[in-house]
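Protein chains in written order, with this note's numbering: chain U, 81 to 442; chain S, 301 to 653.
Glycine is no exception: its CB is placed at the ideal position from the N, C-alpha and C atoms.
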């Protein structure tokens, strides 16, 4: 190529690039929707979005602003948000999505999940929860000690995931939703006074919310599905005697055996914990400790069995027993197994409880 | 032939490794999991290994052929005679160009979905193709040099990027071999498309110094690609449920969340890829039509650019990809072995005479 040709190519490229570049967007001009809530009020779906407005003044703390729109369908929703705002609306950073229990129970949450996962511009690492009471109420609330609502909710769910509730974010929900022989679950939130409290776990069948567990049950349930490193449990020996354990680490181990008379499911839960609280018990003696271990193991075993029965009665497989069976038994029709055999399945639960120490004193 | 390509234009044997690796890991690595998973689910890794074995065999055949003649054009001349052989060789121009076209539109689609929804197709086509054109014009050694950079820079992304330790379901790969052999076979057929690209060697062979020695490097390149594909398959299968994976269009992007950084780096893998395709197509044109390679590139680039506008939506792109895939399968795994069979028969008969 000669010099003139090169010059012409360069100039034409310059024109192409400058003419067709993406519209520049300044961070100050964008209003990010950071948390969203979906309600079903009087048969009409509504969506609420929370954004934070940072004031240019010194010492001014960031302010929350909520936008509330009824929606016909979700994609339309974004333009409705835009219609209410003078700044460019951006939904790509919405990290918290809340669903009103009625919406989750009647319409199901999958349509909204699907809209989110279909949009490549939305960061998919997000927290999702079901709420008692409207999400609008929660998102518009004012919480002391929290700078923004979105941050408050994000931290609340994130911290409690480690401490007590079973892991359930956007991705986990979708995994369990798509899996055969497993049903999803999400944290359940409720507004109490000027706090938002996690009150348990919402259980789904397909994408519909049908049943719930309280926090106590959620603790126990968690031991069946994941390795945990934090957590507490209280065991009442009788009316005035009880012990409390902290830093429970649990390791569930599922064994599925296919024998001539059918499929046998067994779970061995290994629990290690630190004793932190006693009432009217002398824990300085080794025999007492050993006795405590046996009693705690027995009691937890009953509670774990109760959880499994509770799920079986509701015909939901939140633990994903069906999926585990499918991974071990060749050529099994999981759907059929789930319908015919799951509810009558006898799961053998074994608990091995170890008290690591009794804290800083004997 | 050996004399025609001078020593300064030649490549060391081990560059065959980079040529093969770069060509095999193209734009398909973003999408291949979906099609494999929808047929054989979590057993896809078996298909990946078995199809790699098939490619190993084909490369062995390819070197057997090329050790006797120098390029595919010469092979076909030797087998079919001068007139017919040259005519059949014209097919390879189409074949290599189609390869470039598929890469171009596949990558543009990803760019438009993930990074620049507001930029027109034509602009992206032009920029990508123009860069590929510049590479091609600077010759094979430059392209291969970029390929080396691409392998060294592009692939570590898989290890540097996000890795969701806590959410991997390690039981997902069981039970092993839960699908029929027929399913597995069709998955192997699909998977072979991902390994295509090594047929560049059919034209690049005379440019490799002591070419027979590059055989082991080419085989090593296939093994390397296979490992890359295995990682690219197994990790998303552990993370997503296979039913979910079957509906995700670009599982690699969804898993590694590498859209901004990764997509931009990927261009450095894609450019030598397209450039090598363009180079091979023009090289065939030079040997068959007796025109200058430069003129051939000038002719082919606008042609590919124009054709790209015919495939702009998701379904059209899927259609052309699967067409290229089946064409590639028959060309490489059916036609080439047949050609080799005929070639050996002819050689034996000549020897007897």
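Handout entry: 6 Å CB neighbourhood of residue 514 of chain S in its chain, flanking five on each side removed
Key = Around residue 514 of chain S: 313, 316, 508.
Exercise for the section: Identify every run of the alpha helix (DSSP H) within the stretch 444 to 471 of chain S, keeping only runs that are complete inside it and at least 4 residues long; order them along the chain. Expected result: Entirely contained in the stretch 444 to 471 of chain S, the alpha helix (DSSP H) runs reaching 4 residues are, in chain order, 457 to 460.
Practice task
Would you kindly check if the distance between the Cβ of residue 484 of chain S and the Cβ of residue 347 of chain S is under 8 Å?
Solution key: Contact flag set, yes.
Handout entry: Short Cβ contact (8 Å threshold) for residue 349 of chain U with residue 427 of chain U
Key = No, the Cβ-Cβ distance between residue 349 of chain U and residue 427 of chain U is not below 8 Å.
Handout entry: Proximal chain S residues relative to residue 254 of chain U, where beta-carbon distance stays under 9 Å
Key = Per Cβ cutoff of 9 Å: 540, 541, 544.
Handout entry: Selection from S:382, S:341, S:406, S:397 that minimises the alpha carbon distance to residue 567 of chain S
Key = Residue S:406 is the option with its Cα nearest to residue 567 of chain S.
Handout entry: Endpoints, the beta strand (DSSP E) within which residue 118 of chain U is located
Key = Per DSSP, the continuous beta strand (DSSP E) segment holding residue 118 of chain U begins and ends at 110 to 121.
Exercise for the section: Inspect the CB distances between the stretch 395 to 413 of chain S and the stretch 317 to 328 of chain S and report whether three or more fall short of 8 Å. Expected result: Counting Cβ pairs under 8 Å, three or more are found: they touch.
Handout entry: Cutoff 8 Å: residue 467 of chain S Cβ touching any chain U Cβ
Key = Output row for residue 467 of chain S: interface = yes.
Exercise for the section: Give the straight-line distance between the Cα atoms of residue 345 of chain S and residue 467 of chain S, rounded to the nearest whole angstrom. Expected result: The straight-line gap separating the alpha-carbon atoms of residue 345 of chain S and residue 467 of chain S is approximately 20 Å.
Practice task
Classify residue 331 of chain U as helix, strand or coil using the three-state DSSP reduction.
Solution key: Three-state result, residue 331 of chain U: strand.
Practice task
Return the residues of the stretch 398 to 417 of chain S that lie within a Cβ-Cβ distance of less than 7 Å from chain U, sorted by chain order.
Solution key: Against chain U - using a Cβ distance shorter than 7 Å - the residues of the stretch 398 to 417 of chain S are 413, 414, 416.
Handout entry: Cβ-based contacts, 9 Å cut-off: residues of the stretch 397 to 411 of chain U near chain S
Key = Within the stretch 397 to 411 of chain U, the qualifying residues are 403, 404, 406, 407, 408, 409, 410, 411.
Handout entry: Any chain U beta carbon closer than 8 Å to residue 483 of chain S
Key = With 8 Å as the cut-off, residue 483 of chain S does not count as an interface residue toward chain U.
Exercise for the section: Determine the contact status of residue 379 of chain U and residue 429 of chain U, defining contact as a CB-CB distance below 8 Å. Expected result: In this structure, residue 429 of chain U does not lie closer than 8 Å to residue 379 of chain U by Cβ.
Problem - Exposed unless 16 or more other CB atoms sit within 10 angstroms - verdict on residue 371 of chain U - result: Flag for residue 371 of chain U reads exposed.
Exercise for the section: Could you confirm whether any beta carbon from chain S is found closer than 8 Å to the beta carbon of residue 258 of chain U? Expected result: True, the Cβ-Cβ gap to chain S drops below 8 Å.
Handout entry: Proximity below 8 Å, CB of residue 305 of chain U to CB of residue 405 of chain U
Key = For residue 305 of chain U and residue 405 of chain U, no; Cβs fall outside 8 Å.
Handout entry: Contact set between residue 602 of chain S and chain U, taken where Cβ atoms lie within less than 8 Å
Key = Within 8 Å Cβ-Cβ: nothing; residue 602 of chain S doesn't reach chain U, min ~14 Å.
Practice task
With distances taken Cα to Cα, identify the nearest neighbour of residue 573 of chain S among S:564, S:618, S:497.
Solution key: The residue from S:564, S:618, S:497 with its alpha-carbon nearest to that of residue 573 of chain S is S:497.
Handout entry: At least three beta-carbon pairs within less than 8 Å, the stretch 178 to 193 of chain U to the stretch 112 to 126 of chain U
Key = Flag = yes, the stretch 178 to 193 of chain U and the stretch 112 to 126 of chain U touch.
Problem - Burial state of residue 686 of chain S, where buried means 16 or more other Cβ atoms lie within 10 Å - result: Chain S is shown only over 301 to 653; residue 686 of chain S falls outside these bounds and no answer can be derived.
Problem - Spatial distance of residue 413 of chain U from residue 403 of chain U (CA atoms) - result: Going by the C-alpha atoms only, they are around 11 Å apart.
Handout entry: Residue-level contact to chain U via CB, residue 478 of chain S, 8 Å cutoff
Key = For residue 478 of chain S, at least one C-beta of chain U is nearer than 8 Å to its own C-beta.
Handout entry: Any non-hydrogen atom of the ligand FMN within 7 Å of residue 594 of chain S CB
Key = With respect to the ligand FMN, the structure shown offers nothing to examine, as it has no ligands at all.
Exercise for the section: Quick one: residues in its chain with C-beta nearer than 7 Å to the C-beta of residue 226 of chain U, no 5 flanking neighbours on either side, listed in chain order? Expected result: Counting only residues of its own chain and dropping the five nearest sequence neighbours on each side, residue 226 of chain U has a CB closer than 7 Å to the CB of 232.
Exercise for the section: Taking residue 414 of chain U as part of the alpha helix (DSSP H), name the residues at either end of that continuous run. Expected result: Judged by DSSP secondary structure, residue 414 of chain U falls within the alpha helix (DSSP H) whose first and last residues are 414 to 420.
Exercise for the section: Establish whether the CB of residue 302 of chain S and some CB of chain U are separated by less than 8 Å. Expected result: Residue placement at residue 302 of chain S cannot be trusted, given a pLDDT of 46 that sits under 50; what the coordinates show is reported in the next sentence. Output row for residue 302 of chain S: interface = no.
Problem - Cβ of residue 200 of chain U within 8 Å of any chain S Cβ - result: Yes, its Cβ sits closer than 8 Å to a Cβ of chain S.
Exercise for the section: For residue 320 of chain U, collect the residues of the same chain with a Cβ closer than 8 Å to its Cβ; drop the 5 residues on either side in sequence, then sort them by chain order. Expected result: Closer than 8 Å at Cβ, skipping near neighbours: 359, 360.
Handout entry: Cutoff 8 Å: residue 269 of chain S Cβ touching any chain U Cβ
Key = Absent from the model: residue 269 of chain S. The displayed extent of chain S is 301 to 653, so no value can be given.
Practice task
Starting from residue 251 of chain U, find everything on chain S with Cβ-Cβ shorter than 9 Å and list it in chain order.
Solution key: Residues of chain S passing the Cβ test: 464, 467, 539, 540.
Handout entry: Cβ neighbour criterion (16 or more within 10 Å) applied to residue 325 of chain U
Key = Looking at its Cβ environment, which holds 16 or more other Cβ atoms inside 10 Å, residue 325 of chain U is buried.
Practice task
Assign residue 649 of chain S to one of three DSSP states: helix, strand, or coil.
Solution key: Assigned with DSSP and collapsed to three states, residue 649 of chain S falls in helix.
Handout entry: Proximity test, Cβ basis, 8 Å: residue 536 of chain S and chain U
Key = Closer than 8 Å: no.
Practice task
Would you kindly work out how many angstroms separate the C-alpha atoms of residue 333 of chain S and residue 121 of chain U, rounded to a whole number?
Solution key: Distance between residue 333 of chain S and residue 121 of chain U, taken at the CA atoms: about 42 Å.
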